[in-house]
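Scroll down for the structure; my scribbles are underneath it.
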Amino acid sequence: GHPVRIAPSILSADFAKLGEEVRAVDEAGADWIHIDVMDGHFVPNLTIGAGVVKSLRPHTQKPFDVHLMISPVDPFLEGFAEAGADTITVHPEAGPHVHRTVQRIKALGCRAGISLNPATPAKTLDYLLEDIDLVLVMSVNPGFGGQSFIESQLRKIEAIRTRIDKLGKPIDLEVDGGIDADTAPRAIAAGADALVAGTATFRGGPERYAANIAALRGEA
Ligand code: DX5
Ligand code: ZN
2 GHPVRIAPSI
12 LSADFAKLGE
22 EVRAVDEAGA
32 DWIHIDVMDG
42 HFVPNLTIGA
52 GVVKSLRPHT
62 QKPFDVHLMI
72 SPVDPFLEGF
82 AEAGADTITV
92 HPEAGPHVHR
102 TVQRIKALGC
112 RAGISLNPAT
122 PAKTLDYLLE
132 DIDLVLVMSV
142 NPGFGGQSFI
152 ESQLRKIEAI
162 RTRIDKLGKP
172 IDLEVDGGID
182 ADTAPRAIAA
192 GADALVAGTA
202 TFRGGPERYA
212 ANIAALRGEA
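Quick note: the sequence shown uses the UniProt record's numbering, first residue 2, plus one each step.
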């Protein structure tokens with residue numbers, strides 16, 4: 002397979018200069034830009050909407066990996082697609098008909114991702130996996146950056162890796178939460194091929210971003 006993708010979560014960036022921050026992580030070697038959208042209802046925090054995504058779009062050509070933690074989610078899909086999302090990832094708990102949500106994301110021309118909370122079983126993918134482009138395993142409970150990696154999610158990553166390989170489709174397996182230079186190699190060993198990292202990317206300021214990203218790849 003391809004080398005692991007690193008997706009800095011801009012949740013840990015300086016929100017007063019998001020455009021600059023996105024350009025800085027792009028230049029520092031980010032593969033995707035992970036954008037955490039929270040509604041204060043599905044998760045206990047508020048972040049950004051489609052307007053901010055649209056304003057960021059001219060600042061990089063890297064794919065926008067948009068993680069929607071909002072419920073209901075369907076009314077907002079079109080806005081994020083139009084704002085320039087490349088992948089739109091939703092939680093199965095965020096609407097009554099998750100398969101329909103996946104169909105809508107694809108009809109909007111985006112790649113579709115499904116995110117599993119720590120207590121949501123891999124079995125939830127049973128009738129979804131063949132229709133999606135990405136699985137996002139939450140290794141923290143969604144809502145905040147800077148939380149600790151939940152060990153039990155390694156087993157889930159292994160189980161999903163087996164299923165993706167058996168299916169033989171190029172589905173990305175991304176992990177989100179508590180990823181740093183210690184947990185990254187463990188997530189990769191379990192089968193992840195994309196890593197979200199907020200705290201571990203942005204710590205130390207812009208002059209550290211390239212080294213921080215390299216460390217996640219095991220290059221430091
Ligand atoms: C949590 C978000 C994550 C978060 C990761 O709800 O989905 O993307 O920003 O932050 P770190 O890497 O700091 O755990
Ligand atoms: Zn996220």
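We put the CB at the ideal spot given by N, CA and C, even for glycine.
Stretch pair the segment 66-76 + the segment 31-50: three plus CB contacts closer than 8 angstroms: yes
Cβ-heavy atom distance, residue 197 to the ligand DX5, below 7 angstroms: yes
Given 8 angstroms, three or more beta-carbon pairs between the segment 47-54 and the segment 209-218: no
Nearest residue (CA-CA) to residue 215, options 142, 185 and 169: 185
CB-CB length for residue 19 against residue 7, believed under 8 angstroms: About 18 angstroms; that fails the 8 angstroms criterion.
Neighbour-count burial assignment, residue 62, 16 or more Cβ in a 10 Å radius: exposed
The segment 73-85 in contact with the segment 113-128 per 3-pair CB rule at 8 angstroms: no
Cβ neighbour criterion (16 or more within 10 Å) applied to residue 81: buried
Proximal residues to residue 42 (C-beta, below 8 angstroms), its chain only, five neighbours per side dropped: 71 and 72
DSSP beta-bridge partners of residue 173: 135
Residues that DSSP places opposite residue 69 in a beta bridge: 38
Beta carbon of residue 1 nearer than 8 angstroms to that of residue 151: Because the chain spans 2 through 221 in this model, residue 1 falls outside it and cannot be assessed.
Any non-hydrogen atom of the ligand ZN closer than 7 angstroms to residue 32 Cβ: no
In chain order, each beta strand (DSSP E) run of at least 3 residues that lies wholly inside the segment 100-148: 112-117 and 135-139
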